[in-house]
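If you read the sequences in order, they're chains A and B. 1 is the number of the first residue of the first sequence in the working numbering; add one for each residue after it. 1 is the number of the first residue of the second sequence in the working numbering; add one for each residue after it. Reviewing the structure listed below.
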Amino acid sequence: MTENLTENHHIPESPSLYAKHKKVYPQAITGAFRTLKWKVTAAIMAFYFITPWIRWDRGEGEPDQAILASMSLRRLYFFNIEIWPQEIYYLTGILVLAAVGLFLATAMAGRVWCGFTCWQTVWTDLFVWVERKIEGDRNKRIRFDQGSWNLDKIWRKSLKQFIWIVFSLLTGAGWIFFFNDAPSTAMNMLTGQGTYEEYGFTFLFSATTYVLAGFAREQVCIYMCPWPRFQGAMFDEHSLIVTYEAWRGEPRGKSKAQNIGDCVDCNLCVNVCPTGVDIREGDQFQCIGCALCVDACNSIMTKLGRPLNLITYDSVSNQMARERGDEPKKRLIRKRTIAYSILLSAVVVLMAYGLLNRSELEINVQRDRSPLFVQLSDGDIRNGYTFKILNMINVPQTYTLAISGLEGAKLSVIGLGKDPVDTVTLDVEGDTVATYRVFVRAPIETMRSQFEDMEFILTNSETGEVVRYDSRFAGPVR
Amino acid sequence: MVKMEVKLMANIERDEVSGTDTTGHEWDGIKELNTPLPRWWLWTFYASILFAVVWWVLYPSWPTLNTYWKGTLAYSSRVDLANDLTARDNEPQRAARVKKIASMPIAAISEDKDLREFAAAGGRVIFADNCAPCHGSQGSGAPGYPVLADDDWLWGGSLEAIETTIRYGIRSTHDDTRVSEMPVFGTDYLSKTQIADVTEYVLSLTNKSKDSSAAMRGAEVFAGDCAACHGEKAEGGRDFGAPKLSDGIWLHGDSREAIIAQVTKPKHGVMPTWQGRLDDVAIKEVAVYVHSLGGGE
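In structure tokens:
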């Protein structure tokens, strides 16, 4: 058996464990999917480069950028919403939404995210477009790269690199503007007054853009990105993916003889592919589902007057049905997509509910662990608490603090009078966290056990908003 | 029959299923497909090795027999920290506050909300480093070491009194130290019965006595021998650091045996003087912090 194998097959010279990078030269193509891709790219570019410049008035002393993730102010601004670090679960929610959304899209239509919206695809597409404009289309570029260095090659290559670098710098800076006030940061960076962080991160993101979109390209999708490796688990035989109708395409050939399939083996589908795969070999993990090969094949089929969509967005089950001559059925509603949809809706509803009922007042109470309690000269037991009030409204507020659930208990707050009282008034500046040391004392006779449950009740004196916090009151072992 | 064979030469085949070549290696009949890594991957590996070598030269890295290679940049995280601390001390807002604390009397510091919070925050760290070993974290106390979070004070709980105690200590080596000594009643003055009686009296003050006639006898002993320092009503005497005996708070234990032992042969706690060990600002900061623990007067 072994002998047969070696006899019938070629024996390579010597095995190399490392493959030389084969440059992909994607050819230009027009068509429905190419147009869609340009529209999506335009929308992404508009979102990325324009949104940080949208202004939103929040009043005196507050940032007026509509979307801003401020590290220095520790706030996430989104139009009229201000998210505090304590509410980081909203970010978790958005990430869960993104993940489930991605699963749903993949279950419905395969790698649409990869093919149309992924940053790697979009930026690579733009970089290749620049390359094509300067060096020419596929064949020209191949000859150009193989040809010797002359003045024409030097200036074209330099111009390409220059435009790439400028675009990378714009991309890098564009990222910074989501985290810092855009107009002032741009001005500072242009006049050389930016901070190390601003320049450093701009450089970092520019460098990664330049390397990943200019050089690494499809290598990122094939070797670096984990998504292609497990997205196979998200789709099934009913998901729409880029398929080749082998049943009518094969045997491929250029001859006009009988019994020849529709595929004329022009290789245009391979030439336009940004990752350099041959879709006619079936679905493969290198395929990012951009559907440019669909455009390529249709352009040829139109010219030849043959039926369109030899390469098409279709499901594996439909292809099998077509091959048998059955009627293909679109099955977008399946157990899998229903499950993802329910999950997606649940998270959306949860997030919306959370945002609509979001309180702009929060309290954190930390009971002292040491000492657990102290006995006072008059025999009373006293516990200490660190009381934090998060006032998320950007005007100063006044609150009234009271306790319930502990008979005969009195309050005192460090810095606000020494005599124990029933309620205290606490002032908190706008948009800040105020920390108070609160002492609660109660007669030892009222304590039935070592730990008594009690409750802090904080009332906004103006709006009447009430926040409660369950805590405990410790005493000696009984 | 299976023929055992050692293959020295690479025997490369093409796998029919995947259409991929094997590496030619074989282990117990298991062959390996050759799916080569991209070559640039290899170059990034070499680049990271190079990065490490450059790092060794620039930064502290290899140990030598007596010392270590300090790197051409002479980087040291310790020096970094020292620089950071100097920068912190020179930070204008902080420097201004420290200057104010140094020049102002402690009561005035406490009245200024900003200064009080600044001092208490600094004092918290200094307390944890220097005072907590005896007084417990946040002044929770231990037998023999007073609780600082309650409202019972031996030498006074005002800011000034606390500052004085910290500065000069109690029974310390400083000339201005707070000092007092409870007589050794067991050997010099009182009989065992008298001590038992006076203990019974003291316990009766917090309703813990079981023998009222002994307590009555003890009241006389107390009036004669103890009231001079501890007060007529056992309310304590801060001039002598004499504890209040009519509350439920006991420094050396609240059992009958502990009280008898303390009357018979008293223990005297010692608190060191912190002058010279902590600077003036630090002492004030700790005083403000201790005052804020809950018992400040």
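We treat Cβ as the ideally placed atom computed from N, Cα and C, and that holds for glycine.
Buried versus exposed call for residue i [16 or more other C-beta atoms within 10 Å across all chains shown]
i              : result
residue 190(A) : exposed
residue 361(A) : buried
residue 380(A) : buried
residue 153(B) : buried
residue 193(A) : exposed
residue 4(A)   : With a pLDDT of only 44 at residue 4(A), under the threshold of 50, the placement of this residue in the model should not be trusted, and no figure is reported.
residue 12(B)  : buried
residue 356(A) : exposed
residue 272(A) : buried
residue 28(B)  : exposed
residue 162(A) : exposed
residue 268(B) : exposed
residue 53(B)  : exposed
residue 85(A)  : exposed
residue 340(A) : buried
residue 264(A) : buried
residue 204(B) : buried
residue 140(B) : buried
Simplified DSSP assignment, three categories, for residue i
i              : result
residue 455(A) : strand
residue 333(A) : coil
residue 318(A) : helix
residue 350(A) : helix
residue 282(B) : helix
residue 82(A)  : strand
residue 271(A) : helix
residue 263(B) : helix
residue 100(A) : helix
residue 439(A) : strand
residue 427(A) : strand
residue 295(B) : coil
residue 310(A) : coil
residue 446(A) : helix
residue 12(A)  : Reliability fails at residue 12(A), whose pLDDT of 47 lies under 50, so the model's placement of it is uncertain and no value is given.
residue 479(A) : The structure shown has nothing for residue 479(A), since chain A only spans 1 to 478.
residue 178(B) : strand
residue 275(B) : strand
residue 248(A) : helix
Of the residues the options, the one placed nearest residue i, counting alpha carbons only
i              : options                           : result
residue 329(A) : 338(A), 406(A) and 317(A)         : 317(A)
residue 139(A) : 101(A), 25(A), 231(A) and 359(A)  : 25(A)
residue 68(A)  : 452(A), 215(A), 260(A) and 179(A) : 179(A)
residue 267(A) : 441(A), 365(A), 281(A) and 259(A) : 281(A)
residue 235(A) : 150(A), 61(A) and 315(A)          : 315(A)
residue 113(A) : 393(A), 288(A), 465(A) and 367(A) : 288(A)
residue 471(A) : 402(A), 444(A), 427(A) and 57(A)  : 402(A)
residue 281(B) : 15(B), 84(B), 106(B) and 57(B)    : 106(B)
residue 458(A) : 81(A), 397(A) and 197(A)          : 397(A)
residue 230(B) : 202(B), 165(B) and 31(B)          : 202(B)
residue 407(A) : 447(A), 435(A) and 392(A)         : 447(A)
residue 28(A)  : 441(A), 476(A) and 132(A)         : 132(A)
residue 18(B)  : 26(B), 25(B) and 32(B)            : 32(B)
residue 299(A) : 322(A), 137(A), 95(A) and 33(A)   : 33(A)
N-terminal and C-terminal residue of the beta strand (DSSP E) that residue i is part of
i              : result
residue 126(B) : Unbroken run through residue 126(B) is the alpha helix (DSSP H), 113 to 130; no beta strand (DSSP E).
residue 387(A) : 381 to 391
residue 397(A) : 397 to 404
residue 167(B) : Here residue 167(B) belongs to no beta strand (DSSP E); instead the alpha helix (DSSP H) covers 159 to 168.
residue 361(A) : 361 to 367
residue 473(A) : 466 to 474
residue 243(A) : 241 to 244
residue 520(A) : Outside the shown range of chain A (1 to 478) lies residue 520(A), about which nothing can therefore be said.
Host alpha helix (DSSP H) of residue i (start-end)
i              : result
residue 224(B) : 212 to 225
residue 295(A) : 292 to 304
residue 25(B)  : Here residue 25(B) belongs to no alpha helix (DSSP H); instead the beta strand (DSSP E) covers 22 to 27.
residue 202(B) : 192 to 204
residue 188(B) : 185 to 188
Residue i beta carbon near the ligand FMN (any heavy atom closer than 7 Å)
i              : result
residue 182(B) : Looking for the ligand FMN in the displayed structure turns up nothing, as the structure carries no ligands at all.
Kindly provide the ranges of any alpha helix (DSSP H) runs that are 4 or more residues long and lie completely inside the stretch 103 to 180 of chain A, ordered along the chain.
Here the runs fully enclosed are 119 to 135, 138 to 146 and 151 to 176.
Which full runs of the beta strand (DSSP E) of 3+ residues lie inside the stretch 47 to 76 of chain A, going along the chain?
If only complete runs of 3 or more residues are kept, the stretch 47 to 76 of chain A shows the beta strand (DSSP E) at 67 to 70, in order along the chain.
Which residue spans inside the stretch 177 to 227 of chain A form an unbroken beta strand (DSSP E) run of at least 3?
Secondary structure in the stretch 177 to 227 of chain A: no beta strand (DSSP E) run of 3 residues or longer lies completely within the stretch.
Contained beta strand (DSSP E) runs [length at least 3] in the stretch 26 to 111 of chain B, N- to C-terminal order:
Restricting attention to beta strand (DSSP E) runs no shorter than 3 residues, the stretch 26 to 111 of chain B encloses them at 30 to 33, ordered along the chain.
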